[in-house]
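Chemist: Input: one structure, supplied below.
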C-alpha cells in the first residue's frame, strides 16, 4: 500500500517521566533529513543502531549522548521511515531533543497516530490496532492476557464465514426472484432457507455474547450496591476499596449521586457503584440520584442488595428485585451484629462498620 502521509511526526514513546532511558520516535518522509541535522553519528541502514550525540545545530551545544535505531523503508511498524532515539531519560533532556526535532521539521504526533499510520499503511489490521490500545491501557493481568490473545485471534476468519453465509442466503433469494421461470434453477426450499437464516442468527449471537463478555472483563464488571437509605452501602464501598471514597453519616440520604471506583479481585476488574438509597422523596436532587441508581441497576451485571436486620420488604425492594432479573443478584444483610435470628444461607451477612463478612 502506498504511503498516504506527507508530513513527519514525533513523540516521546517511553512516556514523559524521569527514567533511565527514554525513547523519542520520528516517523515520516522527512525523518532521515531531520536526524541528519541534529545527530553526529553515522546515518545507518535499515535495522541498524549507531552511536553519537544530539547537537543543537544553531548553538552547536551537545544535548545528549545517544543510540539511534534506523528503520528505513516500509518494512517496519508504521510503514514509513522511522527513527528511534534512545536518550538518557531525564525529562529536561528528553524534551530538549523532542523540541529540537520539532524545530527541524516534524510535528508532535496525535494520540495513537503511530498506530493509525500503521493501520492506514496496511501494516496492521484494525483488530491489531485495537489489541495494542487494549494492552497499553490494561489494568489487570487478565486484561493484558485478553489483549495479547487479540494479537493472533481469528476474528477476521469468523466474520468472513458469516459473510459467506449471508451471501449464500441473499443469492438463493435473488436467483429465485429474478429467474423463477427457469426450469434449470433450483427452486427455493423454504425450510432450507429458514434453517440457513437460523444458523446465521445463532452464530452472530454467539459472537456478540463473547464480545460482550470480553468487554465486561476489560472495562470492569459493573457491580451496583443498592438498597434503601442508611443501610450501609457507602460503608461497604469504602470497606471493599479500603479507602474513604464515599461520605458516611448516620443521616439517611447522604449519598445523592452514584459514586464508583475500580476494585480488583484475583486479576478480574470490577466497577463498584455505590448508589443513592431508593425511596419515595420530594427532594429534587435526591430524586435525580434515585433515577441514576435505577439506571445503575439496569446497567450492572451484579446487583448487591443491602438491607439491615430490622428491615422488612417494601415496594422499593420489590422494584430492585424486578430490575435485577437475569442478573447475578446477591442479597446482603449489613449491620448483622444486630441480628437476633438465623437467616437463609443464601444471604450474605456483613458488618461494614466493623469490617467483617461471613
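Residue numbers (UniProt numbering): 1 to 358. The beta-carbon is built from N, C-alpha and C at its ideal position, and this holds for glycine as well. Since the model is a prediction, treat every value here as computed from it, not as a measurement.
(1) Between 11, 316 and 168, which lies nearest to residue 193 when the distance is taken from Cα to Cα?
(2) I need the straight-line Cα distance from residue 299 to residue 285, nearest angstrom please.
(3) CB-CB under 7 angstroms to residue 104, same chain, minus the five flanking residues each way: which ones, in chain order?
(4) Determine the closest residue to residue 102 out of 145, 296, 12 and 124, with distance taken between C-alpha atoms.
(5) From 160, 76 and 87, pick the residue whose C-alpha is nearest to that of residue 122; which is it?
(6) Compare the Cα-Cα distances from residue 297 to each of 311, 330 and 148 and report the closest residue.
(7) Give the DSSP-derived three-state secondary structure of residue 61 in the structure shown.
(8) Rounded to a whole number of angstroms, what is the C-alpha to C-alpha distance between residue 278 and residue 127?
(9) Classify residue 289 as helix, strand or coil using the three-state DSSP reduction.
(10) Looking at the structure shown, is residue 258 part of a helix, part of a strand, or coil, going by DSSP?
(11) Give me the DSSP bridge partner(s) of residue 52.
(12) So residue 55 packs on residue 78, CB below 8 angstroms; how close in whole Å?
(13) Answer with buried or exposed for residue 260, where buried requires no fewer than 16 other C-beta atoms within 10 angstroms of its C-beta.
(14) Report all residues from its chain with a CB closer than 7 angstroms to the CB of residue 119; omit the five preceding and five following residues, and keep chain order.
(15) Just the C-alpha distance for residue 149 and residue 134, rounded to the nearest angstrom, thanks.
(16) Roughly how many angstroms separate the alpha carbons of residue 212 and residue 113, rounded to a whole number?
(17) Would you check if the stretch 195-202 and the stretch 264-272 touch, i.e. whether three or more CB-CB distances between them fall below 8 angstroms?
(18) Quick check on DSSP: helix, strand or coil for residue 218?
(19) Report yes if the C-beta distance between residue 347 and residue 332 is below 8 angstroms; otherwise report no.
(20) Please classify residue 289 as buried or exposed, where buried requires at least 16 other C-beta atoms within 10 Å of its C-beta.
(21) Using the three-state DSSP reduction, which class does residue 274 fall into: helix, strand or coil?
(22) Report the option in 215, 17, 99 and 310 whose CA atom is closest to the CA atom of residue 138.
(23) Do you know how far the Cα of residue 165 is from the Cα of residue 179?
(24) Which of the three DSSP states is assigned to residue 97 in this structure?
Modeler: In short, the structure shows the following:
(1) Of the candidates 11, 316 and 168, the one whose C-alpha sits nearest the C-alpha of residue 193 is 168.
(2) Those two C-alpha atoms are separated by around 21 angstroms.
(3) Beyond the five residues adjoining it in sequence on each side, residue 104 comes within less than 7 angstroms, by CB distance, of 34, 37 and 38 in the same chain, given in chain order.
(4) The shortest Cα separation from residue 102 among 145, 296, 12 and 124 belongs to 12.
(5) Put simply, of 160, 76 and 87 the residue whose alpha carbon is nearest the alpha carbon of residue 122 is 76.
(6) Selected option, being the one with the closest Cα: 330.
(7) Residue 61 falls in the coil class under three-state DSSP.
(8) Approximately 42 angstroms, taken between the alpha carbons.
(9) The answer is helix: DSSP assigns residue 289 an H, G or I state.
(10) If DSSP states are grouped into helix, strand and coil, residue 258 belongs with coil.
(11) DSSP links residue 52 through a beta bridge to 66.
(12) Actually they do not touch by this definition, with Cβ atoms about 26 angstroms apart.
(13) That one is buried.
(14) Cβ within range, chain order: 126 and 129.
(15) C-alpha separation (whole angstroms): 11 angstroms.
(16) When only Cα atoms are considered, residue 212 and residue 113 end up about 27 angstroms apart.
(17) Per the Cβ contact rule, the stretch 264-272 is not in contact with the stretch 195-202 (fewer than 3 Cβ pairs under 8 angstroms).
(18) Correct three-state label for residue 218: helix.
(19) Contact flag set, yes.
(20) Sixteen is the threshold: when 16 or more other Cβ atoms of the shown chains lie within 10 Å of the Cβ of residue 289, as they do, the residue is buried.
(21) Reduced to three states, the DSSP call for residue 274 is strand.
(22) Ranking the options by Cα distance to residue 138, first place goes to 215.
(23) Rounded to the nearest angstrom, the gap between the Cα atoms of residue 179 and residue 165 is 21 angstroms.
(24) Looking at residue 97 - three-state DSSP - the assignment turns out to be helix.
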